[in-house]
Ligand code: SRM
Ligand SMILES: Cc1cc2nc3c(=O)[nH]c(=O)nc-3n(C[C@H](O)[C@H](O)[C@H](O)COP(=O)(O)OP(=O)(O)OC[C@H]3O[C@@H](n4cnc5c(N)ncnc54)[C@H](O)[C@@H]3O)c2cc1C
Ligand code: SF4
Ligand code: FES
């Protein structure tokens, strides 16, 4: 079951930028691309825990601020030679508002 | 009405119902007796063509699709200028303003949509209109009739731009105000949006993107100006709002029909009441709304079939968009968002202003955006609709259907096309003709051309261009050495990009991407920070720094630590501090639980381990004590180390700390290709380590020795002497001029010593020491840039952007439940 919750307006995140949503299980980074798509990923780089929300967003990728690993925002997979995957969460925009699936966010501890 | 004839009542004589009636009468001219209500005092016309009517390219008469004769021929009872006010689905009647019920067997609701009016203060003033019907169009034509009249159009979408172009063609001064970062953002990506903007600006339309409207100002009940959020007032006699449409559902809602955002219909176009159908922009089908006619025409066919009792099904297909502004050729269709599983093919021809982008997924074309050359758009649109496998033609796809495997595009064409008097080497004033002549006289490589013409012998940024002239002139006899490109997004080198940003007056990142043929949509973490720097260095007034193209440290004005916390280093000018500053630092450290305090190698104090969310607050506290950001994180001025100098030291010759403070006060806040560190020592004992800095001053009895190009990091280098000058003022001037020269010429991420190794110290000395005019010009350009960039980012962020340092939402409580 999906349980979409409104976490804020699209405008609250700069294009090619991110903000975090704090949850009981750690922060989730919500990204907005240059084409106004939104993606939600765990805010933790699988390399050494870098906060992905602070990275540079380009195309549908983000570059980790600590050691420049690049991740797909869509799949969470590390690009190029690096290996690793960041958990992703369903996110969408409706009428200018950003919606996240609360059920999936909460399921993380179980998974 | 004959016995067998059933009665169809239609509400709305617009494009959708007009088409439905045509199909209905084609199938059987006598099956239905039709009564047609329309709120507008006329029958159906081609609403799309209002734009050419506005611009004067067509008259209203030319766009009427159904005239009185047509309605008479088909026995349609026309009730134009009459608005239907109620539907009674139980009694199966509708009533107009006269209140007399009209019975129906079947009802077709085709009420279209209404323009959305932003409820800004002043939206009800005279002269504020939307753009939907003939009345609006005539109002615009009238307004344009007053000489010198000005218009503001809110909304940079399809409709807004057509309104703007039409008004401009009628001689009005027009400004388009658009909330988003680029025009037609729903249909175009940034590159195409940039080209469109350029074309509109070229025809005299002012375009303001990322502009939020605050209030419409009036005088005597009429619009006078639009006030923007940033305080700008745009005076106008006419204000057109074209910010979107909303389906007209009020009537259906009151009648109890199921509605969402539009009137719900099934695949047969039947509403929740089996005797009521709906068609056009007023409907919602399978979650989708409609704003273009192509799908409405498909719906109209289905309506006619359903009414005839024949099976039919509406399927929502891809739509494509074109802008009807003469001279602006653009096309967009399908889904053109970039994606992991998607592949972009980008083609740019900067000379012709052409941009094409195709988006492929699983070997199928799923989206296309093109600007400047849309000749093949229908072919591409066909490929999208048919979801055809394009793997066979993948390589040549972007060149369109006519491409027969000819030669790929010649990258040298642009250089070949340059006229002989085009300047190639700006430093030495060498034209293309000079170089071609040198080649004719036997210079066959770069070194020879350099020796005979001096081209590329100075700053070296034109090297690539000289090589291309060699290539064009000598053909296969010359192999161009591959200059290292910035990154995978482009073939251009840093030097090329810097030169082109200046010579082609590129003033935005989108302009660079387009004009220089970037291969990716919006760059990457390697090129974006570099381009952002080059743009702000060359166009300090025109370009706006883009925080999203900066590494985190420069975006958040603090150094990120390995655990995601930050360090905070306030500036201590010249390494001097006061007991009050130290007290404020100590208080801040206590208040924000700073775990580590370190005295840095740059003569100041670093508070390490501050939480990102606390940054604006700790900055505000330090600001209160008079301290500003130390930019310990920036590619910009870092520290100016000083020794105590002659005020205290028995060997001191000059006021070294005083000079250091003056230098730091002048230079702080500026951005540069890499960090820039200074030091001033009071005598040759050099306690401030001035001889291993990017620029160091060693004071002597007779004045000031200035050395440049030192380093003490990964490379350790001693400075080279640049000059010795007698006065403090000259030492300051030379420092500023040197910094500006470095800012204007060095490659991003080259410290000064690396840059000097490329251009030569003599070249630097000529510009900064010998040529006094040039020194003055450099200082002036630096000071101009400082009027924009010398501001404390801490104060600015604490004041205006504190919110963005907080989580956008806190769900920690919800998730715990
Ligand atoms: C804080 C400080 C060490 C200290 O506690 O003393 C420091 C800390 C860092 N230095 Fe440094 N450097 C510090 C003085 C120096 C010095 C000494 C000096 O400036 O007199 C040098 C050698 C001089 C020089 O630059 O030539 C120095 C050479 C470097 C280098 C190598 C630069 C090079 O071109 O070779 C780097 C790496 C880089 O910039 O790419 C670096 C990078 C860094 C970074 C920014 C690493 C990073 O990217 O995170 C460190 C940030 C720590 C933090 O979170 O605050 N730091 N660093 C010093 C801050 C001075 C200040 O007040 O601003
Ligand atoms: C300036 C302009 C340019 C456009 N350009 C393009 C283009 O290039 N390409 C494209 O595909 N589309 C374009 N469109 C959109 C296109 O015109 C619409 O999609 C189309 O007209 C919608 O048709 P419709 O029949 O649903 O609504 P309409 O054509 O709006 O017809 C609805 C009619 O219903 C009447 N009505 C409403 N309520 C009542 C009531 N209660 N009683 C009686 N009558 C009522 C209205 O007065 C109106 O006449 C453009 C639109 C405009 C305004
Ligand atoms: S060595 Fe340094 S401290 Fe000593 S006199 Fe010179 S400037 Fe002053
Ligand atoms: S922590 Fe992200 S790349 Fe190292």
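Residue numbers (full-length UniProt numbering), protein chains in the order written: chain A, 1 to 111; chain B, 1 to 817. No residue lacks a Cβ here, since even glycine has one placed at the ideal position from N, Cα and C.
Item, Value
"To which residues of the same chain is residue 29 of chain A closer than 6 Å at the C-beta, ignoring the five residues directly before and after it?", "18, 20, 41, 43, 52 and 53"
"Against chain A, does residue 811 of chain B count as a neighbour if the rule is that its beta carbon must be under 8 Å from one of theirs?", "yes"
"In chain order, what are the residue ranges of uninterrupted beta strand (DSSP E) at least 3 long that sit wholly in the region 337 to 367 of chain B?", "342 to 349 and 354 to 361"
"Taking only beta-carbon positions, decide if residue 24 of chain A is within less than 8 Å of chain B.", "yes"
"Just checking, does the region 526 to 534 of chain B make contact with the region 354 to 373 of chain B on the three C-beta pairs under 8 Å criterion?", "no"
"Quick check on residue 644 of chain B: does DSSP put it in helix, strand or coil?", "coil"
"How about residue 46 of chain A: is its C-beta nearer than 8 Å to some C-beta of chain B?", "no"
"Between B/331, B/329 and B/362, which has its C-alpha nearest residue 344 of chain B's C-alpha?", "B/362"
"Let me see if you follow: with CB-CB separation under 8 Å, is residue 101 of chain A close to chain B or not?", "no"
"Taking CB distances under 8 Å as the criterion, tell me whether residue 10 of chain A reaches chain B.", "no"
"Measure from the alpha carbon of residue 651 of chain B to the alpha carbon of each residue in B/192, B/679, B/683 and B/629, then state which is nearest.", "B/683"
"Is it the case that the CB of residue 525 of chain B approaches a heavy atom of ligand 4 more closely than 7 Å?", "no"
"Cβ of residue 49 of chain A versus every heavy atom of ligand 4: is any distance shorter than 7 Å?", "yes"
"Taking contact to mean 3 or more Cβ pairs, one atom from each stretch, closer than 8 Å, check whether the region 136 to 148 of chain B and the region 264 to 282 of chain B are in contact.", "no"
"Can you pull the chain B residues whose beta carbon is under 8 Å from the beta carbon of residue 78 of chain A, in chain order?", "Those do not exist, as residue 78 of chain A stays about 12 Å from chain B at its closest Cβ, beyond 8 Å."
"Count the CB pairs spanning the region 329 to 338 of chain B and the region 314 to 321 of chain B that are closer than 8 Å, and state whether there are at least three.", "yes"
"Only counting the same chain, and skipping five residues up and downstream in sequence, which positions put a Cβ closer than 7 Å to that of residue 751 of chain B?", "674, 694 and 711"
"Helix, strand or coil for residue 288 of chain B? Go by DSSP, reduced to three states.", "strand"
"Looking only at its chain, what residues have a beta carbon closer than 8 Å to the beta carbon of residue 10 of chain A, apart from the 5 residues adjacent to it on each side?", "32, 36, 38, 93, 96, 97 and 98"
"Starting from residue 23 of chain A, follow the beta strand (DSSP E) in both directions and report where the run begins and ends.", "17 to 23"
"Taking DSSP as the reference, what is the three-state secondary structure of residue 138 of chain B?", "helix"
"CA-CA distance, residue 82 of chain B and residue 43 of chain B?", "11 Å"
"I'd like to know whether the C-beta of residue 368 of chain B is nearer than 8 Å to at least one C-beta of chain A.", "no"
"Measuring only from the beta carbon, is residue 559 of chain B closer than 7 Å to any heavy atom that is part of ligand 1?", "yes"
"Between residue 85 of chain A and chain B, is the shortest Cβ-Cβ distance under 8 Å, so that the two count as touching?", "no"
"According to the neighbour-count rule (16 or more other Cβ atoms, all chains shown, within 10 Å of its Cβ), is residue 466 of chain B buried or exposed?", "buried"
"When you compare the CB of residue 105 of chain A with every CB in chain B, is at least one pair closer than 8 Å?", "yes"
"Considering residue 596 of chain B, what are the terminal residues of the beta strand (DSSP E) in which it resides?", "596 to 599"
"Below 8 Å, can you find three or more Cβ-Cβ pairs linking the region 530 to 548 of chain B to the region 598 to 614 of chain B?", "no"
"With a threshold of 8 Å between beta carbons, is residue 824 of chain B in contact with chain A?", "There is no way to answer for residue 824 of chain B, as the model of chain B reaches only from 1 to 817."
"Given that a residue counts as buried once 16 or more other Cβ atoms are within 10 Å of its Cβ, and exposed if not, what is residue 379 of chain B?", "exposed"
"Go ahead and pull the three-state DSSP assignment for residue 110 of chain A.", "Any reading at residue 110 of chain A must be qualified, since the residue scores a pLDDT of 43, below 50, and its modelled position is unreliable; the value itself is stated next. Coil, per DSSP."
"For a contact defined as C-beta to C-beta under 8 Å, what are the partners of residue 525 of chain B on chain A?", "55, 56, 58, 63, 68 and 70"
"For residue 158 of chain B, which residues in the same chain have their Cβ closer than 8 Å to its Cβ, ignoring the five residues on either side in sequence?", "184, 187, 321 and 323"
"Using 10 angstroms around the beta-carbon of residue 47 of chain B, count the other beta-carbons present and answer buried if the total reaches 16, otherwise exposed.", "buried"
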